[in-house]
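Chemist: In the UniProt record's numbering, the protein residues as written are 1 to 318. Virtual Cβ for every residue (Gly too), placed ideally from N, Cα, C. What follows is a structure written as structure tokens; I'll ask about it next.
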């Protein structure tokens, strides 16, 4: 059992919202009353998992962040014992019990099929978007498997060609298949295994009667409309928070008690940031990021003679 002192925030509010108890599929949820209130009200959430700071008896720390007054805040910290769809469903069910009116309109999530299915099945009108950063990481992992990571890091022309594959995410969804076909005929043969992986995973293998269903459909990872709307394209803010938590804990797989104590301190820090935002302080995006987003948007709304030219322009910015 979790000691009473670790079930409360530093301000003595309830922090441990759910604990299924010791067992093979233990689930623990931490969140303050204020965080739960924001979760229930926010329309846009971002979700990500991390593993390094997770206590050894769990598989991952799964965090839900919400957009509040144009800022992103961690709202829920859940310790999960596995990455099965039924576990994500249990988490969602418990959060709906805690927040009966919780009904987000959009979520950005990593490419975890079980989590995607659980959220889609629960919130039928929810707009689900994969994280572009995780899309890029999946291509990087394939390069690593093929022994081509060094080529990407040291050969700018090779890196540019790889980035053309990721640039497909910025085309109109209806143009993605044609854009992929154009790339397949123009990229060097050394990238054929990467193209095969991308086709199976994100495009759908070509068949006589069309294309097979990919593991992740185009509408999940497409960034065209999100870029036009100036919406978030990545979960980088959640990744940044995970790095911050890593620096706070300063060790891998701490004991459960040390982990909770660190989480209590972090919740108190988040509370201080919420106070600042409620007082009118804003978090401004950097000029570098705004310029980058503007360039991408210009490439999407400006006419191009061919899809390949548009892909090449986007790839120069990745």
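Using C-beta distances below 6 Å, list every residue in its chain close to residue 272, excluding the 5 sequence neighbours before and after it, in chain order.
Modeler: Here the question's residue 272 lines up with position 272 in the chain shown. Taken in chain order, the list of residues that qualify is empty.
Chemist: Any idea what DSSP makes of residue 19, helix, strand or coil?
Modeler: The residue labelled residue 19 in the question sits at position 19 within the chain shown. Strand at residue 19.
Chemist: Using alpha carbons as the reference points, say which of 288, 266, 243, 108 lies closest to residue 222.
Modeler: Here residue 222 is taken as the residue at index 222 of the chain shown, counted from 1. Measuring from the Cα of residue 222, the nearest candidate turns out to be 108.
Chemist: Note down the Cα distance separating residue 279 from residue 264, rounded to an integer number of angstroms.
Modeler: Here residue 279 corresponds to residue number 279 of the chain shown, with the count starting at 1. Here residue 264 corresponds to residue number 264 of the chain shown, with the count starting at 1. So the alpha carbons of these two residues sit roughly 23 Å apart.
Chemist: Does residue 3 pass the burial test, meaning 16 or more other C-beta atoms within 10 Å, or should it be called exposed?
Modeler: Along the chain shown, one-based indexing puts residue 3 at 3. Exposed is the call here.
Chemist: What are the boundary residues of the alpha helix (DSSP H) that residue 247 is part of?
Modeler: Sequence index remark: in the chain shown, residue 247 carries index 247 (1-based). Element bounds for residue 247: 236 to 249.
Chemist: What residues match up with residue 68 in a beta bridge as DSSP calls it?
Modeler: Taking the first residue of the chain shown as position 1, residue 68 is located at position 68. Per DSSP, 71.
Chemist: Beta-carbon within less than 7 Å of residue 319's beta-carbon, same chain only, minus the 5 sequence neighbours each way: which residues are those?
Modeler: Because the chain in this structure spans residues 1 to 318, residue 319 falls outside the shown range and cannot be described.
Chemist: I need the boundaries of the alpha helix (DSSP H) containing residue 40, first residue and last residue.
Modeler: Translated into the one-based positions of the chain shown, residue 40 becomes position 40. That run of the alpha helix (DSSP H) goes 33 to 41.
Chemist: Would you call the segment 215 to 232 and the segment 14 to 25 in contact, with 3 or more CB pairs under 8 Å?
Modeler: Judged by Cβ distances under 8 Å, the segment 215 to 232 makes no contact with the segment 14 to 25, as fewer than three pairs qualify.
Chemist: Quick one: is residue 66 buried, meaning 16 or more other Cβ sit within 10 Å of its Cβ, or exposed?
Modeler: Residue numbering aside, residue 66 sits at position 66 when the chain shown is read from its first letter. With 16 or more Cβ atoms within 10 Å of its Cβ, residue 66 is classed as buried.
Chemist: If we ignore side chains and look at the alpha-carbon of each, how far apart do residue 89 and residue 1 end up?
Modeler: For the purposes of this step, residue 89 is taken as the residue at position 89 of the chain shown. For the purposes of this step, residue 1 is taken as the residue at position 1 of the chain shown. Using only the alpha carbons, I get a separation of about 23 Å.
Chemist: Taking Cβ to Cβ, would you say residue 106 is nearer than 8 Å to residue 126?
Modeler: As a first step, residue 106 must be located in the chain shown, where it is residue number 106. As a first step, residue 126 must be located in the chain shown, where it is residue number 126. Yes, the Cβ-Cβ distance between residue 106 and residue 126 is below 8 Å.
Chemist: Cβ of residue 173 within 8 Å of Cβ of residue 229?
Modeler: Residue 173 sits at position 173 when you count from the first residue of the chain shown. Residue 229 sits at position 229 when you count from the first residue of the chain shown. In this structure, residue 229 does not lie closer than 8 Å to residue 173 by Cβ.
Chemist: Just list the beta strand (DSSP E) runs in the UniProt domain "MULE transposase" (45 to 137), keeping only unbroken ones of 3 residues or longer that don't cross its boundaries, in chain order.
Modeler: List check, beta strand (DSSP E) in window: 60 to 68, 71 to 80, 106 to 109, 127 to 130.
Chemist: Around the C-beta of residue 112, are 16 or more other C-beta atoms found within 10 angstroms, so that it is buried, or is it exposed?
Modeler: Translated into positions along the chain shown, residue 112 becomes position 112. Per the 10 Å Cβ criterion, buried.
Chemist: Check whether chain B comes within 8 Å of residue 148, counting only Cβ atoms and requiring the distance to be less than that.
Modeler: Among the chains in the structure shown there is no chain B, since it carries only a single protein chain.
Chemist: Please list the segments of the alpha helix (DSSP H) lying wholly inside the segment 160 to 225, counting only runs of 4 or more residues, in order along the chain.
Modeler: Counting only runs of 4 or more, we get 176 to 184, 192 to 198, 218 to 221.
Chemist: Rank 210, 155, 47, 186 by C-alpha distance to the C-alpha of residue 177 and give the top, closest one.
Modeler: Against the chain shown, residue 177 aligns to sequence position 177. For residue 177, the nearest C-alpha among the options comes from 210.
Chemist: Since residue 258 is in the alpha helix (DSSP H), which residue starts that stretch and which ends it?
Modeler: One-based indexing of the chain shown puts residue 258 at position 258. Its alpha helix (DSSP H) spans residues 256 to 278.
Chemist: Just verifying my parser: in three-state terms, what is the DSSP assignment at residue 301?
Modeler: Working through the chain shown from its first residue, we reach residue 301 at position 301. In the structure shown, residue 301 sits in a helix (DSSP, three-state: H, G or I).
Chemist: Relative to the C-alpha of residue 288, which residue among 317, 305, 310, 213 is closest?
Modeler: Here residue 288 is taken as the residue at index 288 of the chain shown, counted from 1. The option with the nearest alpha carbon to residue 288 is 317.
Chemist: Grouping DSSP H, G and I as helix and E and B as strand, with all else coil, what is residue 10?
Modeler: Mapped onto the chain shown, residue 10 falls at position 10. In the structure shown, residue 10 sits in coil (DSSP, three-state: anything other than H, G, I, E or B).
Chemist: Bridge partners of residue 158, per DSSP?
Modeler: The count along the chain shown starts at 1 and reaches residue 158 at position 158. Per DSSP, none; premise fails for residue 158.
Chemist: Between the beta-carbon of residue 187 and the beta-carbon of residue 311, is there less than 8 Å?
Modeler: Within the chain shown, the letter at position 187 stands for residue 187. Within the chain shown, the letter at position 311 stands for residue 311. Taking 8 Å as the Cβ cut-off, residue 187 and residue 311 do not qualify as a contacting pair.
Chemist: Can you tell me the Cα-Cα spacing of residue 43 and residue 122, whole angstroms?
Modeler: In the chain shown, counting from the first residue as 1, residue 43 sits at position 43. In the chain shown, counting from the first residue as 1, residue 122 sits at position 122. Straight-line Cα distance between these residues: approximately 15 Å.
Chemist: Buried or exposed: residue 165, going by 16 or more other Cβ atoms within 10 Å of its Cβ?
Modeler: On the chain shown, residue 165 is found 165 positions in, with the first residue counted as 1. Buried: at least 16 other Cβ atoms inside 10 Å.
Chemist: What number of angstroms, rounded off, separates the C-alpha of residue 293 from the C-alpha of residue 235?
Modeler: Numbered from its first residue, the chain shown carries residue 293 at position 293. Numbered from its first residue, the chain shown carries residue 235 at position 235. Straight-line Cα distance between these residues: approximately 15 Å.
Chemist: Just the C-alpha distance for residue 169 and residue 30, rounded to the nearest angstrom, thanks.
Modeler: The sequence position of residue 169 within the chain shown is 169, counting from 1. The sequence position of residue 30 within the chain shown is 30, counting from 1. Answer to the nearest angstrom: the Cα atoms are 35 Å apart.
Chemist: Give the C-beta separation of residue 262 and residue 248 to the nearest angstrom, bearing in mind that I take them to be a contact with Cβ-Cβ under 8 Å.
Modeler: Numbered from 1 along the chain shown, position 262 holds the residue referred to as residue 262. Numbered from 1 along the chain shown, position 248 holds the residue referred to as residue 248. With a Cβ gap of about 5 Å, residue 262 and residue 248 count as contacting.
Chemist: Could you tell me the alpha carbon to alpha carbon distance between residue 40 and residue 104, rounded to whole angstroms?
Modeler: Start at 1 with the first residue of the chain shown, and residue 40 comes out as number 40. Start at 1 with the first residue of the chain shown, and residue 104 comes out as number 104. Computed Cα separation, rounded: 8 Å.
Chemist: What's the call for residue 189, buried or exposed, on a 16-neighbour Cβ count within 10 Å?
Modeler: Here residue 189 refers to the residue found at position 189 of the chain shown. Label assigned to residue 189: exposed.
Chemist: Report, in whole angstroms, the separation of the C-beta atoms of residue 8 and residue 18, which I expect to be a contact under 8 Å.
Modeler: By 1-based counting over the chain shown, the position of residue 8 is 8. By 1-based counting over the chain shown, the position of residue 18 is 18. Going by Cβ atoms, the distance from residue 8 to residue 18 rounds to 15 Å, so no, they are not a contact pair.
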